Every structure is written in C-alpha cells, then in structure tokens.
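Shown next, in structure tokens, is the structure this report addresses.
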Amino acid sequence: MGEVRVEYSQIYVESGPNAVGLGLPEAFAGQNSGLCGAAVPGALWLHTGLHTGSVRFCVEVHDQAPHLDPAWEDVVEASFRPASAEAALVEWGGGAVRELGLREIDYRVRYCARGMDEARGQDTRLDGQPHVDRYLLQFWPGEPAPDRILKQTAAIAAYWHDYARELPAPPSPAERAEAERRARLARERAAEQRRSALEQRQWGGQSPSRALRAVGGNVRGLVAFDAALVHAIDAAGAATQRAVARLAAHRACEAAGLDQLDWVRAGLAALDEGRPLPPPLDDPEQAWRALAADPRVPDRTVGRAVPPERPPFRPPARHDDRPQTTRPVPGAGHSVQITRGEPDPGLRMSQPHMALPALLDAAAAEPLRAALDAVYAGVAAYGEDHPALLDEVRSRCQGA
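Going by our numbering, the letters in the sequence shown line up with residues 1 to 400, in that order.
Written out as structure tokens, the structure is:
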C-alpha cells in the first residue's frame, strides 16, 4: 500500500455504521492488547508511534495464517468480521479511504509494528524526512478468538496494552441487545410524543377524534380559523351537523345574493327537506356552468378571509402583490381561497363563486364532512366578516 497519513497516532478500518465516530474506550474495551482495537463489530482502531505525518503501511489478505517475520518488534492479533463488503482503511477525520477487498466473513487480523518509540519521540514527520516507523496489517479467515499480544518491545505499545487492560469489560451480547432495545423504545416514545404534540398544536391544543382524522375535505383549513368550533361540530352529532351545514349554505348564499336565483332557492329548499339537490346542482360541473351563464348572478366581490395568527406559526410572505379578482374556472370543480397574513385590499374575489361551494358541500353524504366543508366555504363567502358566521354556527352547536 505504501504510505498512509496518521493524525493523533490513529488510523482505522471501517466497514459499517458502528465504525463511524468510534470512541477509544469502546474500541479496546475488554481487550488484553492496546494496539489494535477490535471490540466494536465491523471496526478496528489502530495505534501508531508517530503522532502526525505519513508512515509506511502495508495490508495483506491471506488464505491462512502467514509466517511471522521476527523483524517486527510489536505484534498483536484480534478477530474481525466486516459489517459490509466495503471494508476500508480510513485516515483520521475521514481522510483518504483505501478499500481492502475483504469478504463478510470471520477474519483473524494481525497488526505488526516497528520503530514505534522512535516515531513517538519524533512526534511529527514532515514531507521528505525519512520514515521511522512502519506497519503491517494482515487478514486471513479464522474463527473468532480472544485478542492476544504476540510480541512487545516498544514502551508506547506497553502503555497502550496497560490502558486496554484497565478498561471495563464490554457489555455481553445480551446486555448490548437489551441496551439497543431500550434505546429503540426511548426513540419511539420520543417520536410519539413529538407527533402527539405536533398534532395537538395543529388541532388547537386538543387531539382530534377518529372521525376528524378521517373526515378529509377542508377540516384543516377550518381549524386555522376556529379549532374549538371544529371540535364542537364534531361532538354535536349528526342532526346538529346537518343543521350547521344547512345554516352555512343559507348564510353564504344570502351574503352573495344567490338566494335570489330560482335554481339556487330550489337547491336550498331540497337541502332543508333532506332531498337530493335538483339539477343543475346535482352535478357540480353543471352547477358551475349555470353560475357562469346566468346573467342574474350578482356582481359582488369580497376580500379574503384571514385566520387569526397563532404563535409560533408565522404567515408566509405573499409572492404576488398585484390586485386581482379570482374566479374558479367553470367545469373544473370548485375551490375556496383563504390566505394567512394581512389581507390585500386590492385582492377581491367573486362572492357568488365563493358561496356556491357551501351549497354543494352541505349536501355531502357524511354529516360531519357536510358541516365542516359548508362552514369553510361560508367563511370564504363572508370574507372579512366571517366571525359573524362562526359565531352563529357556534350558537347552533351550543344549543343542540
């Protein structure tokens, strides 16, 4: 391999997530030797004599235990199994990475060193200076076995051996599994607490019922205006929810002047009597076409309804300050536009187009969905005056 750079007398073999951020005590916990830390699965911590600079370093992979050259002064062995097929020699701080080509099997690893004390005394090797210490790392297939010291010469090697022997024993596999289980449960509890806190904040400080979670439609939009009212509508029961839906449809159509149109009045009457909406209201696409084609539709506009600001949320900045009138495209379904932040006095919307969805939504098959969507559409139809509608809906729920 030639040369590798070391920092703080360290270089590593990494092969999986456990190797990242490996700590010195955990790398050598329970070992007898202190030059090659193999206590963490899938990782090796290798000590050198030189503190900073390049050292001669060679890696060998054998089919069986190689002959030990007596020229090496300090030699240790340990067991190692890569945690992935990408085992690599990695410099301190995530520097250069050199793939080792190891398989995901059990290996015996031998770490040999020479000149450690001299390099320790030198501390730092600059480019162009002669090498003082050198190292050899050998792998071969082998059953797991305790680490051992084959040869000890350098004082710094003895120091690291003593350090390793003084460390407490690592946790047993059962203890490690239990610690991981507890950590996982703690993470799950924390995640659930965060999820619950976020949900309560989104729903006005109260967890939603199963029905509210499943209702869909514009429930989240209405929560922004009055979360307590949404929960009250949910708790009021089907009969009151139907009454609220009818109320919102009538008030929206009255505010926009749609109640003066015969086909809208017919729809409101059918809604009051519990009958299906008559044509053209039985088909939303046809209803929008009728609204666009009827010359009697009042030419009224309304400003946008703005929900109250609730810290810590901040309203998003508007990206378009140009005055404009927004009308849904006939035949493309219906939409309700509500904004956060200060209303733009130049932005006005067609009030009849905001009101028609209240009538269509009030006829929904599911009472809760009908009430919530009709009230939300009514809020858009009332615009700046929407608190009056919400107060009337609240009174209806309280009187149920």
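C-beta: ideal position from N, C-alpha, C; glycine also.
As the structure is a computational prediction, the values presented were derived from the model and not from experiment.
Under the three-state reduction of DSSP, PRO367 is assigned to helix.
Within the same chain, PRO171 come within 7 Å of ALA179 by CB-CB distance, once the 5 residues on both sides are set aside. In this structure THR124 is exposed. Its beta-carbon is surrounded by fewer than 16 other beta-carbon atoms within 10 angstroms.
By the 16-neighbour rule on beta-carbons within 10 angstroms, ILE156 is buried. Contact between HIS47 and GLY30 is ruled out by a C-beta separation of about 17 Å, above the 8 Å threshold. Around the CB of GLY95, fewer than 16 other CB atoms lie within 10 Å, so the residue is classed as exposed. Put simply, the backbone Cα of ARG182 is about 46 Å away from that of HIS67. Cβ neighbours of TRP72 within its own chain (closer than 6 Å, five residues either side excluded): CYS112, ARG114. The Cβ atoms of ALA249 and ALA374 sit closer than 8 Å to each other. If you draw a straight line from the Cα of ARG195 to the Cα of LEU359, it comes to about 35 Å. In the DSSP annotation of this structure, GLY115 is not part of any beta strand (DSSP E), being labelled neither H nor E. Cβ-Cβ distances below 6 Å link VAL393 to VAL244, VAL375 in the same chain, with the five nearest sequence neighbours on each side left out; the list follows chain order. Linking PRO367 to PRO295 through their CA atoms gives a straight-line distance of about 33 Å. When the five nearest sequence neighbours on each side are left out, no beta carbon in the same chain lies closer than 8 Å to the beta carbon of ASP262. Setting aside the 5 residues that flank it on each side, PRO280 is surrounded in the same chain by GLN286, ALA287, ALA290, each with a C-beta closer than 6 Å to its C-beta; the list follows chain order. A direct Cα-Cα distance of roughly 11 Å separates GLN10 from VAL4. Here the alpha carbon of GLY257 sits roughly 6 Å from the alpha carbon of PRO298. Less than 8 Å divides the Cβ of CYS253 from the Cβ of LEU268. Excluding five sequence positions before and after ARG246, the CB atoms of its chain that fall closer than 7 Å to its own CB belong to LEU271, ASP272, ALA362, given in chain order. The way I'd put it, the segment 99–112 does touch the segment 71–90; three or more beta-carbon pairs between them come closer than 8 Å. In this structure ASP63 is exposed. Its beta-carbon is surrounded by fewer than 16 other beta-carbon atoms within 10 angstroms. With a cutoff of 8 Å on beta-carbon distance, GLN241 and ALA371 are scored as near each other. One Cα belongs to SER207, the other to ARG275, and the distance between them is close to 34 Å. DSSP, reduced to helix, strand and coil, places ARG182 within a helical segment of the structure shown. Across the set PHE57, PRO41, TYR8, the C-alpha of PHE57 shows the shortest separation from the C-alpha of LEU136. The criterion of a C-beta distance shorter than 8 Å is satisfied by ASP147 and ALA38.
From the listed residues ARG348, GLU309, ARG304, the smallest Cα separation to ASP385 is found for ARG304. A direct Cα-to-Cα measurement between LEU24 and GLY101 gives close to 25 Å. The C-beta of GLN351 has 16 or more other C-beta atoms within 10 Å across all chains shown, which makes the residue buried. Where ASP226 is concerned, the enclosing alpha helix (DSSP H) starts and stops at 219–236. The Cβ atoms of MET116 and ALA164 do not sit closer than 8 Å to each other. From the listed residues ALA236, LEU22, PRO278, the smallest Cα separation to GLY399 is found for ALA236. Distance from VAL13 to LEU50 at the Cβ level is roughly 18 Å; contact not present, criterion being Cβ atoms closer than 8 Å. Comparing C-alpha distances from ILE149 to each of TRP140, ASP162, PRO141 shows the shortest one belongs to ASP162.
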